[in-house]
Amino acid sequence: QNLIILNLSGNRLTTLPTELFELTKLTRLTVGTNFLTALPKEMKNLKKLLYFSCETNYIEEIPDVFELMHSLYFLDLSYNKISVLPKSLSKIAELETLLLEGNRLEFLPSLSNHDMLIKLNLSNNQILKLDIEGLEDLQILNLDNNNLTTLPEEICSLSKLNYLSLSENRVERLPECIGNLENLIELDVEENRLKELPLSFEKLKKLKNLYVQNNFLSKEQIPPLPSLEFCDLLV
-16 QNLIILNLSG NRLTTLPTEL FELTKLTRLT VGTNFLTALP KEMKNLKKLL
34 YFSCETNYIE EIPDVFELMH SLYFLDLSYN KISVLPKSLS KIAELETLLL
84 EGNRLEFLPS LSNHDMLIKL NLSNNQILKL DIEGLEDLQI LNLDNNNLTT
134 LPEEICSLSK LNYLSLSENR VERLPECIGN LENLIELDVE ENRLKELPLS
184 FEKLKKLKNL YVQNNFLSKE QIPPLPSLEF CDLLV
């Protein structure tokens, strides 16, 4: 009962043993690459969890188990079959990394309570609309391979953002305020429907890597950027 770290990855588990939820001192739990189809409600007993990884399983629904996990800073639910996120997710105020890649999400609930979030991966879902208001500390945002047609203006308030990737969507234009992302180092907008870049694009003084192929852009539309080291249209 004094166990604090437990790794059950790659064990062909179809369910989690009930004894697991008596280990109330656990701070790190990894159950990735199994055959889990659900997380039991008893998981809410693990109030001291700091790190939870459940990637590469077959989970369709996440019960409200996170409400009392106030110190959880890392949550990986990648590569499951999740279509709806639990409301209790908004209760995890300390969350720094949230990985939801490869699920079936169409909409994202408000993450405004997660003002400490640094990394958010939503790639390979079916997201149509994005709510990213209040994520002032976000540095890495991956939206690749979704169904986005626009980006919300709120994205321009992510002043600490270093990495933004939204390749393989259907975005037709970037917000005019994109130049506000003054700390952006890498931007990937490949395979969208962009015909032009906003005038404020030239304000991206720290941008080093730019990926814009497979849009409707020409290299003449890429403004001179002082830090740019690579652009796939200029090769």
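The working numbering puts the last residue of the sequence shown at 218; the count rises by one with no breaks. Even glycine gets a Cβ: it sits at the ideal position worked out from N, Cα and C.
Per the coordinates, the alpha-carbon of A76 lies some 13 Å from the alpha-carbon of K30. Per the coordinates, the alpha-carbon of G162 lies some 14 Å from the alpha-carbon of P207. Looking at the DSSP output, Y34 bridges to R11 and F57.
Using a Cβ distance threshold of 7 Å, E84 and S66 do not count as a contacting pair.
Look at S66 here: in three-state DSSP terms it is coil, with no helix or strand label. Straight through space, the alpha carbons of Q204 and S54 are spaced by roughly 46 Å. Annotated as distal: E79 and I45, with beta-carbon spacing of 7 Å or more. Close CB contacts of F199 within its chain, under the 6 Å cut and outside five residues either way in sequence, are with K178 (chain order).
Around the CB of D47, fewer than 16 other CB atoms lie within 10 Å, so the residue is classed as exposed.
Put simply, the backbone Cα of L157 is about 16 Å away from that of N129.
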